[in-house]
Every structure is written in structure tokens, then in C-alpha cells.
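So the structure is just underneath, and the comments pick up after that.
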Amino acid sequence: MKNIDIAVVDYGMGNLRSVSKALEHVAPDLNVVVTSDPQQIHQANRVVFPGQGAMPDCIRELDSRGLRQAVIEATQQKPFLGICIGLQMLFERSEEGNAAGLGVFAGQVKRFAAVDMHDTEGRKLKVPHMGWNQVQQPNQHPLWQDIADNERFYYVHSYYVCPDESGLVTGITDYPKPFTCAIAKDNLFAVQFHPEKSAKAGLQLLRNFVHWNP
Amino acid sequence: MGLAKRIIPCLDVTNGRVVKGVNFLELRDAGDPVEIAQRYNDQGADELTFLDITASSDDRDLILHIIEEVASQVFIPLTVGGGVRQVEDVRRLLNAGADKVSINTTAVLNPQVVQDAASRFGSQCIVVAIDAKKVDNQPFEWEVFTHGGRKATGLDAVKWAQHMVSLGAGELLVTSMDRDGTKIGFNNPLNRAISDAVDVPLIASGGVGNLQHLVDGVTLGGADAVLAASIFHYGEYTVQQAKTYMQQHGLEVR
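These protein sequence lines are chains A and B, in that order. Numbering-wise, the first sequence is residues 1 to 214 according to my numbering. Numbering-wise, the second sequence is residues 1001 to 1254 according to my numbering.
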């Protein structure tokens, strides 16, 4: 069987084509497989855990395909990149449908308040948080290589993670208050924004992930 | 420092080509969709919108191929609209590489589609497009029109916007039919009324003739994103020039 360089976890939600196309774009020589087979996730050298849609549905679909254990194992064993709901699902619980997550990390997923959110000019801020916002890098990480501090990435989400362990935080965005937009631990990196839709900066982050050897 | 105001070039697509009309009529050819998408991406466009304005359903599947091709080369968000009638159409467009799907006439004829699509795929990918026109014969100011602007609905555009958000629309694309193609600027009072009435982002559309109109769309109209077609298609301005202008006028851009 052909070696799987990167497995993109498919649990039947949203547009995985964008993620796989972007990975193929930055790593044309690698075998990128979109899969819902736990065995393939187990065999792959790297795992990307993307996400779109509502968290309760995502968790349900993940479980209905028997992928929970394979994903949790991958978070502990090999280069792992979570994206959007793929970041949120790593935590214990979300306010979205009061859904339990995978509990890889301690912490909650909360909703933006929507009321009384304004920018510095006094303009009303909308929910979902949709568009290009700046990412502060509080510390260095191989996945931030060749990406400027405060570079803009594309977001579309109404919920954000609040990790109990502050040491996890490796990216911060203001909307209007600071929230955690990236976490890192050992072989794992996960982001709230969509690198696959963030033009040059996003492709650079994916390139960094593909070459990352934690 | 914060969220940037988005500039969204809009590509009206029919028979596999990008076209541009005036007041929804008189179509002119503006080029190949993939080439144009690539050019706008290179200029720093924040997002691209494709509207399938194909009159006959025979050519409808062409847009899927175009989206597939664009999505494998251009890594920014893509919105696709036009002819979306059922949840299955939404799924096909998302699978082809669209990040968001815009629903217009179907939202009026069958609002359940908006609700079902939002609950299945998430509000983040459901845009409701509202074509509105100023009217004198109603107890409200702006009326919703469907079928590419040909049919009046009797619906108040502001109330309709709120209803669509309550069903799960994650964003609104508001086009002023009075302004579309006229180059005299967005209908800012219309956009302001809707933007203030909902929590989701609003994309202003219809009427851009110069770069000040983009600034006004944000500052006067309360838009979170501005959409334009002809000023970019015919090379009057580049997306980069638009961003520089908006930045010089105090707006945050990427």
C-alpha cells in the first residue's frame, strides 16, 4: 500500500477540498489522502483535522465513523494540525449546543457576546467574526517561520477556545478582546483561522507544517 | 488594529464567461473566470464572489467546473450564488470548492432551504442575497425583489433580513437595484438600516463608481465588506489601489 504522508480527517462535514488542495499546492510530491478510515489515520505520517459547521454535529459525525480514538491518538503521536472546529473539538466542552469535546486539553469553547462589541471607532462588531484579522505570536514556533508577527489570516467563526493551561497559547487575536487563536504542544498545533483560505501567509503555515519535525 | 474591511470583486458568470450588465441587463463580456480570479487574488482581493446568472439550466453545471478550477489555484474564500434551489445544490457547490453559498430567490420561495442548509452545513457558509428597491406603494421604504430583480415580493427588506438571520443566514449580501451598474455609489441608507438591524456581517453591493464609494459604504452604510464588479473588471482601479485609498481614509484593510 502507498505510504500516506498526510491524512486529512473526513467526518462528513464541510468543504475538505480546500484543505487538501492547499496541502497539495505546498507539497506537490506528498501523498495527501482525505479519509474517514481510522486505519489510514493511524498509518499516516501527519494528520490534519479540519472543521466546519456546528460542533455537536461534528462530534456526532466523528463518532459515527469511529474516528474519535484515531484522532486522539494522532494528537499524541505525530505532527498534527487542527483547523477551526478541529481546534475547538480538542477541548472539554463547547457552549455550542453544550457539546462535550474530545477533552485532549482542559478548557471551554465560548461564544462571542455580540451585544456591546465595538471597534475603536465605535462601529458595531458582528458575529460571526468573519474576515481577515491579525495574529500576534506571543512566542516563537516552527510553524510561524517566515510569517510576520501580526500577519492577517482569514477567520469565520462565532466561538473561540479558552484553554485552562496558558502555556498552550501560541497565537492571539483581538475581537475586540484578545482570544486564543492558536495553540501548540509538542507535536500538535491548532488554529482557529483557516490557513487554507489565508492566501500567502496561510500557505506558508501549511508549508511549515508539512516540513515540521517535532 | 482589528478585523479588516473586506474588498470583494464580484464575477457574474454565464456560459463559462464573466460578464457585466447595467441595471441587471445589457451584458458585456469581461473575460475568463479563472484568469480574472487569479488576477484579483494577486492584487490582494480578500474574497471572491461568483454569481451564476445563466438563464438556462443547461449550462448550470459549468459553474461547478469553474469553481473546482479556481479553488485549486486560488486560496482565498470563494462565495458562489445563482440558481441555488435546494440543499443538495448547496452541497454540490461546497464540494466543488465554494466556501460560502449565496441564496436569493429560493430564500423567498422556500425559506426552509436557508434553515436546512444552515443547520446542515453551518451558518458560516450560508449567505442570503437580498435585491432591494426603493418603493412608494408600501408602508416601508425598500422592497425585496426576486428572479434577478423582475418580481416584487411585498417584503420589507429590513424585516426580511432579520428573518433570514433568525433562520441561520451567516451573512447578508445586499444589492440596491436602483444603484446596480449606475456608478453613483452604494445605497447607504438601505445598508445602514439593515446593518443596524442584524448581528451578522453585511456585504454592500450595487453602484460603485469610484473608490470614495467604497469608503462611504463602510462609514455611512455600516458595511463589513464591499463588493464591486465593473470598476475592477475594466481596469479602472486595481484592488490594491482600492485598499490603499480605504487605508488612507482611516479604514483597516489587509
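No residue lacks a Cβ here, since even glycine has one placed at the ideal position from N, Cα and C. Quick caveat: nothing in here was measured; it's all calculated off a predicted structure.
For Asp1196/B, count neighbouring C-beta atoms within 10 Å of its own C-beta (all shown protein chains included) and say buried if the count is 16 or more, exposed if not.
exposed
Identify the residues that DSSP records as bridge partners of Pro163/A: which are they?
Gly107/A
Do Lys110/A and Cys162/A count as a contact pair if the criterion is CB distance below 8 Å?
yes
Between the region 33-50 of chain A and the region 63-72 of chain A, do three or more beta carbon pairs fall short of 8 Å?
yes
Alpha helix (DSSP H) segment containing Tyr1245/B, residue limits
1239-1248
Whole angstroms is fine: what's the gap from Ala1229/B's alpha carbon to Phe91/A's?
42 Å
Counting only runs of 4+ residues fully inside the region 8-73 of chain A, write out the alpha helix (DSSP H) ranges in chain order.
17-26, 38-43, 55-64
Contacting residues, own chain, Cβ-Cβ under 8 Å from Gly1209/B (five flanking each side not counted):
Thr1182, Lys1183, Ile1184, Gly1185, Ile1231
From this set, Phe1145/B, Gln1038/B, Leu1093/B, which residue's C-alpha is nearest Thr1175/B's C-alpha?
Phe1145/B
Is Gly86/A close to chain B, meaning its C-beta is less than 8 Å from at least one C-beta of that chain?
no
From the beta carbon of Glu1088/B, is the nearest beta carbon of chain A less than 8 Å away?
no
Determine the burial state of Arg1039/B: buried for a count of at least 16 other Cβ atoms within 10 Å of its Cβ, exposed for fewer.
buried
State yes or no: is the beta carbon of Asn1095/B nearer than 8 Å to at least one beta carbon in chain A?
yes
According to DSSP, is Asp1224/B part of a helix, a strand, or is it coil?
coil
Inspect the beta-carbon positions of Ala1096/B and Leu1062/B and report whether they are closer than 8 Å.
no
Cys1314/B: which of Gly1002/B, Leu1003/B, Ala1030/B, Glu1069/B sits nearest, CA to CA?
With chain B covering only 1001 through 1254, there is no way to say anything about residue 1314/B.
Taking buried to mean at least 16 other C-beta atoms within 10 Å of its own C-beta, is His1213/B buried or exposed?
buried
Could you spell out where the alpha helix (DSSP H) holding Arg207/A opens and where it closes?
199-210
For Ser36/A, which residues from the same chain have a beta carbon less than 8 Å from its beta carbon, with the 5 sequence-adjacent residues on both sides left out?
Val9, Asp10, Tyr11, Gly12, Arg65, Leu67
Taking C-alpha atoms, which residue in Gln192/A, Asp146/A, Asp149/A lies nearest to Phe157/A?
Before going on, a small fix: residue 157/A reads as His here, not Phe. Of the candidates Gln192/A, Asp146/A, Asp149/A, the one whose C-alpha sits nearest the C-alpha of His157/A is Gln192/A.
So is Ala106/A buried or exposed if we call it buried at 16+ other beta carbons inside 10 Å?
exposed
Secondary structure of Arg1060/B, DSSP reduced to three states
coil
Under 7 Å between beta-carbons, which chain B residues line up against Leu203/A? List them in chain order, please.
Phe1075
Could you check which residue in Ala99/A, Arg46/A, Asn31/A, Ile83/A has the C-alpha nearest to that of Arg60/A?
Ala99/A
Check whether the Cβ atoms of Pro50/A and Glu96/A lie closer than 8 Å to each other.
no
Below-8 Å beta-carbon distance, Leu1190/B vs any chain A residue:
no
Between the C-alpha atoms of Ala1193/B and Asp1180/B, what's the straight-line distance to the nearest angstrom?
18 Å
Thinking Gln134/A and Thr173/A are a contact (beta carbons under 8 Å), I'd like their distance in whole angstroms, please.
6 Å
Using beta carbons (cut-off 8 Å, strictly below), is Asp116/A in contact with chain B?
no
Could you list the residues in the region 142-160 of chain A with a C-beta less than 9 Å from some C-beta on chain B, going in chain order?
Asn150, Arg152, Tyr154, Tyr155, Val156, His157, Ser158
Suppose the cutoff is 8 Å on Cβ atoms and the five residues either side in sequence are ignored; what does the same chain contact list for Gln1240/B look like?
Gln1043, Gly1044
Identify, in the order they occur along the chain, each residue of the same chain with its Cβ nearer than 7 Å to the Cβ of Leu16/A, setting aside the five sequence neighbours on each side.
Val8, Asp10, Val34, Pro50
State yes or no: is the C-beta of Asn1262/B within less than 8 Å of the C-beta of Asp1178/B?
Nothing in the structure corresponds to residue 1262/B, since chain B is present only between 1001 and 1254.
Under a three-way DSSP split, which group does Pro178/A fall into?
strand
Got a sec? Which residues, its chain only, sit under 6 Å from Phe189/A by beta carbon, not counting five neighbours each side?
Leu81, Leu143
Answer with yes or no whether the minimum CB distance from Gly171/A to chain B is below 8 Å.
no
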